[in-house]
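In what follows, a structure is listed as structure tokens, so that the remarks can point back to it.
In structure tokens:
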């Protein structure tokens, strides 16, 4: 094997830096959320009656866009055989929009409430939120790197999807079934 073949071969070592940054993001968010004295208030977005409905609906929007992400990824990776030349753009933009929808929610959760570990639902929610931003960071930092193993992106995307599902189940679904459907 010559040196050019060695350089082109995918290696998991290239994942170390994105994984380290992703882990750092997750840990910093968890530590900040645990140490920060919650303010009890944060951001409000026009059109919602309060922060809980805002968080439930924005998380639901991110959840729906995560389903679009899953579908478009399955098409791009050939698991669903459809000829949709525009699907990569749908995948990128649905991911961007899903991420943007999570930002006011995460800000409110961290700033107003902090990470909480006293009840199982809230603990799972806090850990899933930190994990989501960590795996998202890892995936975004790995995307432009050459030589990353091809399994990296479906695994990272699947983990991000799983984290968003856990966030939706422990927040929006809980809100809609406990408090009701409100705006």
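Residue numbers (our numbering): 184 to 366. Yeah, the Cβ is synthetic: ideal placement off N, Cα and C, and Gly gets one too.
Query, Result
"Residue 328, enclosing alpha helix (DSSP H) - first and last residue", "That residue, residue 328, is in no alpha helix (DSSP H); it is neither H nor E in DSSP."
"Outcome for residue 318 when other beta-carbon atoms lying within 10 angstroms are tallied against a minimum of 16", "buried"
"Best match in 221, 220 and 237 for proximity to residue 227 [C-alpha to C-alpha]", "237"
"Touch test, the segment 307–318 against the segment 202–209, Cβ-Cβ under 8 Å, three pairs minimum", "yes"
"Rounded straight-line distance, which links the Cα of residue 353 to that of residue 360", "11 Å"
"Inter-residue spacing [alpha-carbon to alpha-carbon] between residue 279 and residue 301", "32 Å"
"Nearest neighbour of residue 246, chosen from 357, 349 and 276 [CA to CA]", "349"
"Rounded C-alpha distance that separates residue 324 from residue 201", "5 Å"
"Contact under 8 Å by Cβ, residue 311 with residue 281", "no"
"Every unbroken alpha helix (DSSP H) inside the segment 224–308 [4 residues or more]", "234–259 and 270–290"
"Neighbourhood of residue 232 by C-beta, 8 Å cutoff - its chain only, sequence neighbours within 5 removed", "365 and 366"
"Three-state secondary structure (DSSP) of residue 189", "For residue 189, the predicted structure reports a pLDDT of 48, less than 50, and the residue's modelled location is therefore unreliable. A value from the coordinates is still provided. In this structure, residue 189 counts as helix in the three-state DSSP scheme."
"For residue 310, the three-state DSSP class (helix, strand or coil)", "helix"
"DSSP state of residue 194 mapped onto helix, strand, coil", "coil"
"Three-state secondary structure assigned by DSSP to residue 353", "helix"
"Residue burial classification, residue 194 (beta-carbon count within 10 angstroms, cutoff 16)", "exposed"
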